[in-house]
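Heads up: the structure comes next, in structure tokens.
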Amino acid sequence: MTILAPPELPVFRETIQPRAAFLIYEIDAHLLATVHPLSATRNGHAVIGVGRPLTQRDLQGWLLDLAGQARAPALTLLPEHLLALEEGVLVWWRPARRAPMWFVIGGQRYGFRVPWPPLVLVAARQHLWCAALAQNRRPTAQTPLYHAPLMNMDRHGAVCLGNAAPPPSCAPGQQAAWEATVCQTNFAHVSHPQTLKLADHAEVSTDAHVRFWQGLDGKSRFPTAALVTRDETLTDWLAAVLP
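The opening residue of the sequence shown carries number 1037 in this note's numbering; numbering runs sequentially from there.
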């Protein structure tokens, strides 16, 4: 019978540093594992520290280390107003607030301080989409959406950026820069007639739109009755604008 000799450990140039020890227990026919930190004494002996239960994430991380592969990035909590995030796509909501709104009509620039409704925004592929919410709270997947009651965007919510320079990326932290292309722009024209629900107006003209916002100058709350429903939820709308 051939007896196999144990493989020799590789020769390392640097001093071996103890990292961790794993202990496995059997309790009532079930296995329990703990992971313990190791530290080296002056004499070079390893001292085992206080352990804690070994989690699946721990195990996966150690296996990746042993295989010489990078660990997955640490879990990151989404900022309060961020709704969804993936490569090249940013989805967030903007709570209601009082802020200036600017118009350029017939070469004249007008500004009113008005109550903006809460908005949902999507940035992707150097484009921006915008919709409105009836309630000033974080939307869920099934929250119904409304047409943003704003100029310079089409019936799908696509924003006409005009000469505005969009941010170079859709990375987290770019929300304010994307919002500026809508909220700090000079509105000039109505791009589709169902942006507002107004009495005696089946379709809203640019002049009617400006008069509506002028009437809100100095007010504290946007009238939700003026919103036009999109007849779709947040999930439906995202599926339409992000095919």
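Note that CB positions come from ideal geometry on N, CA and C, so glycine has one too. Here the structure is a predicted model, which means the values were calculated and not measured.
Asked                                                                                                                                                                                    : Found
Keeping to the same chain, check which residues put their C-beta closer than 7 Å to that of Ala1200; ignore five residues upstream and five downstream.                                  : Thr1217 and Thr1221
Could you tell me the boundaries of the alpha helix (DSSP H) in which Cys1196 lies?                                                                                                      : Premise fails: Cys1196 is in no alpha helix (DSSP H) and is neither H nor E.
So, Phe1148 versus Leu1234, is the Cβ gap smaller than 8 Å?                                                                                                                              : no
So, at 7 Å on beta carbons, what are the nonlocal neighbours of Ala1056 in its own chain, with the 5 sequence-adjacent residues on each side left out?                                   : Val1071, His1072, Pro1073 and Leu1074
Look up Leu1102 in the DSSP assignment and say whether it is helix, strand or coil.                                                                                                      : helix
Residue ranges of each beta strand (DSSP E) run of no fewer than 3 residues wholly in the stretch 1046–1087, ordered along the chain?                                                    : 1056–1063, 1066–1076 and 1082–1084
Identify the continuous beta strand (DSSP E) that holds Thr1271 and give its terminal residues.                                                                                          : Where Thr1271 is concerned, there is no enclosing beta strand (DSSP E), although the alpha helix (DSSP H) it sits in stretches over Leu1270 to Val1277.
Examine the Cβ distances between the stretch 1135–1144 and the stretch 1173–1185 and report whether three or more of them are shorter than 8 Å.                                          : no
Would you check if there are 3 or more beta carbon pairs closer than 8 Å linking the stretch 1240–1251 to the stretch 1156–1174?                                                         : no
Along the chain, which unbroken stretches of the beta strand (DSSP E) at least 3 residues long are found entirely within the stretch 1124–1169?                                          : 1125–1130, 1133–1141, 1144–1152, 1155–1160 and 1163–1168
Would Pro1153 be called buried (16 or more neighbouring beta carbons within 10 Å of its own) or exposed?                                                                                 : buried
Please work out which residues of its chain come closer than 7 Å, Cβ to Cβ, to Pro1115, disregarding the five sequence neighbours upstream and downstream, and give them in chain order. : Pro1208
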